[in-house]
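Student: One structure is given below, represented as structure tokens, and several questions about it will come after.
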Amino acid sequence: MTINPKIPLSQFNDFIKKLELQALETAEERMPLYLKIGIKDARKILDVGCGSGMVTRDIAHLTKGKVIGIDGSKEMINVANKILKNYKNVELKVGNAEDVPFDDNFFDIVTCNLVLMWAEKPQKVVNEMARVCKPGGKVLASLEPDYGGKLHYPEDQKVDPIFAGKAIKKRGGDPHIGRKLRLLFVRAGLKTVVGIGNNRIWSCEEDKAYYHHARDFYVKALKDEGLSQKEVDRWEYEYLRSLDEGVQLNFFPQFYAIGTKPEA
Ligand SMILES: C[S@@+](CC[C@H](N)C(=O)[O-])C[C@H]1O[C@@H](n2cnc3c(N)ncnc32)[C@H](O)[C@@H]1O
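Quick note: the sequence shown uses our numbering, first residue 57, plus one each step.
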């Protein structure tokens, strides 16, 4: 299995940095969800598509239970093993989310973060998460975005559509996964509650800091869409100018779903 999003190995380190930043920036949204589903008292937790382990580490902090992380990419698991080497309650292994290598009804809690957007068969992933969860246990997709609800102002007619889904699609992701969460969870037989994780609008300073960390990804996405260096420079100048002026507004909804597996 390859890393999905399909990242060439030359960009692997940048991608790891991006995951780290994302984990930091979304902690305030994810932490309450983990507590809400009872992570503190859970004994066995599975984090599906754990990637570099940044989010798994947050989970491990909140529980005395055992946390198992699986990811389809061996390279990701190697990174996660380094990041989590001092965590005695964490175990990591390579594994396919569409065919989870555990028995039925094994875990108290099964989580994933930003995985369904990249999964080739998201329904299969949620079905598997439900299968390995105990009756009465919880399945959580903590953050899955929907770029169809993306707002960006002042507008840029050429660039906005690229960041409102086109770039994600090109890399094999589903930019509209957020709106599908309820369907995926209900069809997996889970009693489902869906909500929006991010109800705070970032300040221009936060948006700017994020842009500078992820700049290579933005620029590459624009070039992949055929923009010339001159067009990229023009866009970046205007983008940073409205951030410096403190007038830019960015928002896109990130949904979560909590499913309870019915008692048998
Ligand atoms: C955007 S990363 C998110 C990683 C981590 N959950 C986080 O939030 O930092 C998506 C991860 O899902 C993994 N993934 C995608 N499809 C998978 C599958 N079918 N089985 C296992 N892992 C998968 C990728 O390898 C990648 O590490």
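Just so it is clear, CB atoms sit at the ideal spot from N, CA and C, and this is done for glycine as well.
Quick check: the Cα distance between residue 165 and residue 88, rounded to an integer number of angstroms?
Tutor: The count along the sequence shown starts at 1 and reaches residue 165 at position 109. The count along the sequence shown starts at 1 and reaches residue 88 at position 32. Each residue's alpha carbon lies about 15 Å from the other.
Student: For residue 303, is the classification buried or exposed, using 16 other Cβ atoms within 10 angstroms of its Cβ as the cut-off for buried?
Tutor: What you label residue 303 is simply residue 247 of the sequence shown in a count that begins at 1. By the Cβ neighbour-count rule, residue 303 is exposed, with fewer than 16 other Cβ atoms within 10 Å of its own.
Student: With a threshold of 16 other CB atoms inside 10 Å of the CB of residue 127, please say whether the residue is buried or exposed.
Tutor: Walking along the sequence shown from the start, residue 127 turns up at place 71. Answer is buried; the Cβ neighbour count reaches 16.
Student: Alpha carbon to alpha carbon, how far is residue 248 from residue 70? Give it in angstroms, no decimals.
Tutor: Looking up residue 70 in the sequence shown gives position 14. Looking up residue 248 in the sequence shown gives position 192. Roughly 35 Å separates the two Cα atoms.
Student: Excluding the five sequence neighbours on either side, which residues of its own chain have a C-beta within less than 6 Å of the C-beta of residue 244, listed in chain order?
Tutor: Within the sequence shown, residue 244 is the residue found at index 188, counting from 1. Contacts found: 182, 183 and 186.
Student: Along the chain, where does the beta strand (DSSP E) containing residue 71 start, and where does it finish?
Tutor: For the purposes of this step, residue 71 is identified with residue 15 of the sequence shown, where counting begins at 1. Note, residue 71: premise wrong, no beta strand (DSSP E); alpha helix (DSSP H) at 68-92.
Student: Nearest to residue 306 by alpha carbon, out of 254, 277, 312 and 275?
Tutor: Here residue 306 refers to the residue found at position 250 when the sequence shown is read from its first residue. For residue 306, the closest alpha carbon among the candidates 254, 277, 312 and 275 is that of 254.
Student: Buried or exposed for residue 211, please, with buried defined as at least 16 other CB atoms from any protein chain shown within 10 angstroms of its CB.
Tutor: The residue you call residue 211 lines up with position 155 of the sequence shown. With fewer than 16 Cβ atoms within 10 Å of its Cβ, residue 211 is classed as exposed.
Student: Under three-state DSSP, which class holds residue 58?
Tutor: Taking the sequence shown and counting its residues from 1, the one referred to as residue 58 is at position 2. For residue 58, the pLDDT reaches just 49, beneath the cut-off of 50, and the residue's location in the model is therefore unreliable, although a value from the coordinates is still provided. DSSP places residue 58 in coil when its eight states are reduced to three.
Student: Quick one: which unbroken beta strand (DSSP E) runs of 3-plus residues sit fully inside the segment 108-151? Chain order, please.
Tutor: 122-127 and 146-150
Student: What residues are listed by DSSP as bridge partners for residue 315?
Tutor: Here residue 315 refers to the residue found at position 259 when the sequence shown is read from its first residue. When beta bridges are read from the DSSP output, residue 315 appears opposite 195 and 248.
Student: As a quick exercise: from 238, 86 and 147, pick the residue whose alpha carbon is nearest that of residue 122.
Tutor: Mapped onto the sequence shown, residue 122 falls at position 66. For residue 122, the nearest C-alpha among the options comes from 147.
Student: Please confirm if the segment 89-105 is in contact with the segment 154-163, defined as three or more CB-CB distances below 8 Å between the two stretches.
Tutor: yes
Student: Is the separation between the beta-carbon of residue 323 and that of residue 228 shorter than 8 Å?
Tutor: Because the chain in this structure spans residues 57 to 320, residue 323 falls outside the shown range and cannot be described.
Student: Around the C-beta of residue 257, are 16 or more other C-beta atoms found within 10 angstroms, so that it is buried, or is it exposed?
Tutor: As a working note, residue 257 is residue 201 in the sequence shown. Looking at its Cβ environment, which holds fewer than 16 other Cβ atoms inside 10 Å, residue 257 is exposed.
Student: Any heavy atom of ligand 1 closer than 7 Å to the CB of residue 159?
Tutor: Numbered from its first residue, the sequence shown carries residue 159 at position 103. Because no heavy atom of ligand 1 lies under 7 Å away, the Cβ of residue 159 does not count as near it: no.
Student: Name the one or two DSSP bridge partners that residue 209 has.
Tutor: Locating residue 209 in the sequence shown gives position 153, where the first residue counts as 1. According to DSSP, which records beta bridges pairwise, residue 209 is partnered with 305.
Student: Cα-Cα, which of 206, 152, 194 and 93 is closest to residue 178?
Tutor: The count along the sequence shown starts at 1 and reaches residue 178 at position 122. Nearest C-alpha to residue 178: 152.
Student: Tell me which same chain residues have a C-beta within less than 8 Å of the C-beta of residue 145, skipping the five on either side of it?
Tutor: Here residue 145 corresponds to residue number 89 of the sequence shown, with the count starting at 1. Correct list, in chain order: 116, 119, 120, 121, 122 and 123.
Student: Residue 295: buried (16+ other C-beta within 10 angstroms of its C-beta) or exposed?
Tutor: On the sequence shown, position 239 is the one that residue 295 refers to. Buried: at least 16 other Cβ atoms inside 10 Å.
Student: Give the range of the beta strand (DSSP E) segment to which residue 168 is assigned.
Tutor: Counting from 1 along the sequence shown, the entry for residue 168 is found at position 112. Counting along the chain, the beta strand (DSSP E) containing residue 168 begins and ends at 163-168.
Student: Got a sec? Which residues, its chain only, sit under 6 Å from residue 216 by beta carbon, not counting five neighbours each side?
Tutor: Working through the sequence shown from its first residue, we reach residue 216 at position 160. So the qualifying residues of the chain are 208.
Student: Please list, in chain order, all residues of the same chain as residue 67 whose beta carbon is under 6 Å from its beta carbon, the five residues on each side excluded.
Tutor: Residue 67 sits at position 11 when you count from the first residue of the sequence shown. Cβ neighbours of residue 67 beyond the five flanking positions: none.
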